[in-house]
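Asks: A single structure is presented below for examination.
In our numbering, the protein residues as written are 1 to 267.
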């Protein structure tokens, strides 16, 4: 059967994170749980409006914008299973308390607890019988390499691998080798010939074609050239802002260049 993909675009204050409700005739799957409690409530509303039974929430990366909203969804749908790959769970458990402190200014929008997240052991999920593959694009990129692909419709949910209309978050990919591996994974995503693509972070209403793949890859290549040729992170950031004057998530350009130039560490 044909699945429906409904994308929730979070606000810039939630780092432009997307969540996706994948629904069939009777069932729904949520991919990524949002950054804030408010985001969680909006995802709950999407599921309720669909009229479908939420069976699972899959968390594809360990950053807080992928799971801080999970508590609200769990309270609304206690029958739903929350799952993530083992390295994502490890990342979450290791960093949760620190991330609460780092984002303390969110106040009441922060979660009050970490929901139970089961280790994902399957490589194929189903929504009303239609298969969705959970793939890891690279061992080198660790928990930042997960994405979903539905072969029947050639639909791709790119997770933290894909950005669209934004500066690309490179602070967690500190070395040229990691960024080169990321580009290699993007080439492999393009080789799947997807017809529907959702970036993990994007400007609201961005195209769902190959744009997210090409934007992320072009940005990473320009980023590499820029940090190599620039004496300081500030110089590199200025060149990125000039090359991408309309791109959001400027904090990614700020932190990413500092990490790449060795002026700070991250994570």
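All C-beta atoms, glycine included, are put in the ideal place defined by N, C-alpha and C.
In the structure shown, what three-state DSSP assignment does residue 263 receive?
Replies: Working through the chain shown from its first residue, we reach residue 263 at position 263. Note: residue 263 maps to coil in three-state DSSP.
Asks: Given this structure, state the Cα-to-Cα distance separating residue 260 from residue 52, to the nearest angstrom.
Replies: Walking along the chain shown from the start, residue 260 turns up at place 260. Walking along the chain shown from the start, residue 52 turns up at place 52. Going from the Cα of residue 260 to the Cα of residue 52 covers about 45 Å.
Asks: Hey, out of 176, 198, 140, 184, whose CA is closest to residue 157's CA?
Replies: Reading the chain shown from its first residue, position 157 is the one you call residue 157. Of the listed residues, the one whose Cα sits closest to residue 157 is 198.
Asks: Within the same chain, show all residues whose beta-carbon is closer than 8 Å to that of residue 188, passing over the 5 residues directly before and after it, in chain order.
Replies: Here residue 188 is taken as the residue at index 188 of the chain shown, counted from 1. Once the five neighbours on either side are set aside, the close Cβ partners of residue 188 are 137.
Asks: From this set, 63, 61, 62, 44, which residue's C-alpha is nearest residue 54's C-alpha?
Replies: Working through the chain shown from its first residue, we reach residue 54 at position 54. Considering only alpha carbons, the answer is 44.
Asks: When every heavy atom of the ligand GTP is checked, does at least one fall within less than 7 Å of the C-beta of residue 108?
Replies: The ligand GTP is not part of the structure shown, which contains no ligands of any sort.
Asks: Should the segment 29 to 46 be called in touch with the segment 208 to 223, which here means at least 3 C-beta pairs below 8 Å?
Replies: Cβ pair count under 8 Å is below three, so no.
Asks: Taking the beta strand (DSSP E) that residue 56 falls in, what are its first and last residues?
Replies: Here residue 56 refers to the residue found at position 56 when the chain shown is read from its first residue. 53 to 58 is the span of the beta strand (DSSP E), which, as asked, contains residue 56.
Asks: Is it the case that the Cβ atoms of residue 141 and residue 185 are separated by a distance below 8 Å?
Replies: Here the question's residue 141 lines up with position 141 in the chain shown. Here the question's residue 185 lines up with position 185 in the chain shown. Yes; because the gap between Cβ atoms is below 8 Å, this pair is in contact.
Asks: One question on the structure: do residue 201 and residue 240 come within less than 8 Å of each other, judged by their Cβ atoms?
Replies: Position 201 of the chain shown, counted from the first residue, corresponds to residue 201. Position 240 of the chain shown, counted from the first residue, corresponds to residue 240. Contact flag unset, no.
Asks: Under three-state DSSP, which class holds residue 248?
Replies: Within the chain shown, the letter at position 248 stands for residue 248. The answer is strand: DSSP assigns residue 248 an E or B state.
Asks: Based on DSSP bridge pairs, tell me the residues matched to residue 131.
Replies: As a first step, residue 131 is located in the chain shown; it is residue number 131 there, counting from the start. Answer is 126, bridged to residue 131.
Asks: Is the number of C-beta pairs between the segment 98 to 113 and the segment 34 to 43 that are closer than 8 Å three or more?
Replies: Result yes; three or more Cβ-Cβ pairs closer than 8 Å.
Asks: Hey, could you find the ends of the beta strand (DSSP E) residue 50 is sitting in?
Replies: One-based indexing of the chain shown puts residue 50 at position 50. Careful: residue 50 lies outside any beta strand (DSSP E), inside the alpha helix (DSSP H) at 37 to 50.
Asks: Quick one: give me the first and last residue of the beta strand (DSSP E) that residue 31 is part of.
Replies: Along the chain shown, one-based indexing puts residue 31 at 31. Per DSSP, residue 31 belongs to the beta strand (DSSP E) from 27 to 31.
Asks: Could you tell me if residue 150 is buried or exposed, where buried requires 16 or more neighbouring beta carbons within 10 angstroms of its beta carbon?
Replies: For the purposes of this step, residue 150 is identified with residue 150 of the chain shown, where counting begins at 1. With 16 or more Cβ atoms within 10 Å of its Cβ, residue 150 is classed as buried.
Asks: Around the C-beta of residue 12, are 16 or more other C-beta atoms found within 10 angstroms, so that it is buried, or is it exposed?
Replies: The residue labelled residue 12 in the question sits at position 12 within the chain shown. Per the 10 Å Cβ criterion, exposed.
Asks: Tell me whether residue 65 is buried or exposed, calling it buried when 16 or more other Cβ atoms sit within 10 Å of its Cβ.
Replies: Within the chain shown, the letter at position 65 stands for residue 65. When all chains shown are included, residue 65 counts as buried.
Asks: Which of the three DSSP states is assigned to residue 66 in this structure?
Replies: Against the chain shown, residue 66 aligns to sequence position 66. Three-state DSSP puts residue 66 in a helix.
Asks: Given that a residue counts as buried once 16 or more other Cβ atoms are within 10 Å of its Cβ, and exposed if not, what is residue 154?
Replies: Against the chain shown, residue 154 aligns to sequence position 154. Residue 154 comes out exposed.
Asks: Would you mind reading off the limits of the alpha helix (DSSP H) that contains residue 95?
Replies: What you label residue 95 is simply residue 95 of the chain shown in a count that begins at 1. Note, residue 95: alpha helix (DSSP H), 86 to 102.
Asks: According to the neighbour-count rule (16 or more other Cβ atoms, all chains shown, within 10 Å of its Cβ), is residue 20 buried or exposed?
Replies: Locating residue 20 in the chain shown gives position 20, where the first residue counts as 1. Buried, by the Cβ-count rule.
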